[in-house]
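Below is one structure; the comments refer to it alone.
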Amino acid sequence: VIDHEGKMTAPAPAQFIGMPVLEARKAVVAALDEAGFLVKIEPHKMKVGFSQRTNVIVEPLPSDQWFVNVSGMAKASIEAVRAGRTRFYPEYRTADFYRWMENIHDWCISRQLWWGHRIPAWHCAECQAITVGREDPTACSKCGSAAIKQDDDVLDTWFSSGLWPLTTLGWPTPSADLDR
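Throughout the sequence shown, residue numbering follows my numbering, covering 21 to 200 in sequence.
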């Protein structure tokens, strides 16, 4: 209902489309009052998210995101701790680890920022397929169209940071350092 510019979109009623959110709130109240549907206005306490940087209200904006299924990694990590191949110091932190790994959720690795490592996925304008690969494609992997555009999102900082050891050891080219 709210776009990236903070303005109302469909499925909001036509008279509110294009209005900034705060202006639309006032207009909705006025429209309800005008139509005879407004019974009363009263204070209502609720938690509202605010930006730490700009101190403005943060409106929810559902959008497509990229996720990594981490359940396999969590299972392998748990097995490594149980087998004694990995230990925690101080030892009491092991319980925190198990609680985290046993209740793991998919990891959202996409961020809507203007800088960072771009998501290596290209969207086809012709067939809406998504092409993902190590090399930048020149055409859609499904229909062959050249009308492809790289995803605008960037990788989560922690995900990018996890790539550092691999890239400094020569990945994807096999090397003795990488094998250790």
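No residue lacks a Cβ here, since even glycine has one placed at the ideal position from N, Cα and C.
Keep in mind that this is a model prediction, so the values were computed, not measured.
Exercise. Do E79 and V48 have their C-beta atoms within less than 8 Å of each other?
Worked result: Mapped onto the sequence shown, residue 79 falls at position 59. Mapped onto the sequence shown, residue 48 falls at position 28. In this structure, V48 does not lie closer than 8 Å to E79 by Cβ.
Exercise. Counting pairs of Cβ atoms below 8 Å between the segment 168-180 and the segment 131-138, do you hit three or more?
Worked result: Yes, the segment 168-180 is in contact with the segment 131-138.
Problem set entry | Secondary structure, alpha helix (DSSP H): runs of 4+ residues fully inside the segment 164-192 | Runs found: 177-188.
For this session: Drop a sphere of 10 angstroms on the beta-carbon of A44, count the other beta-carbons inside from all chains shown, and report buried for 16 or more, exposed for fewer.
Result: As a first step, residue 44 is located in the sequence shown; it is residue number 24 there, counting from the start. That one is buried.
For this session: Check each candidate in P185, T187, I61 and I77 and name the one with the smallest Cα separation from K67.
Result: Locating residue 67 in the sequence shown gives position 47, counting from the first residue. Residue I77 is the option with its Cα nearest to K67.
Exercise. Can the beta-carbon of S91 be found less than 8 Å from the beta-carbon of I124?
Worked result: The count along the sequence shown starts at 1 and reaches residue 91 at position 71. The count along the sequence shown starts at 1 and reaches residue 124 at position 104. Taking C-beta atoms as the reference points, S91 and I124 count as a pair closer than 8 Å.
Exercise. How many Å lie between P194 and G153 at the Cα?
Worked result: Within the sequence shown, the letter at position 174 stands for residue 194. Within the sequence shown, the letter at position 133 stands for residue 153. Within the model, the alpha-carbon separation for P194 versus G153 is close to 19 Å.
For this session: Determine the contact status of D203 and V101, defining contact as a CB-CB distance below 8 Å.
Result: Given that the chain is displayed from residue 21 to residue 200, the structure contains no residue 203 and the question cannot be resolved.
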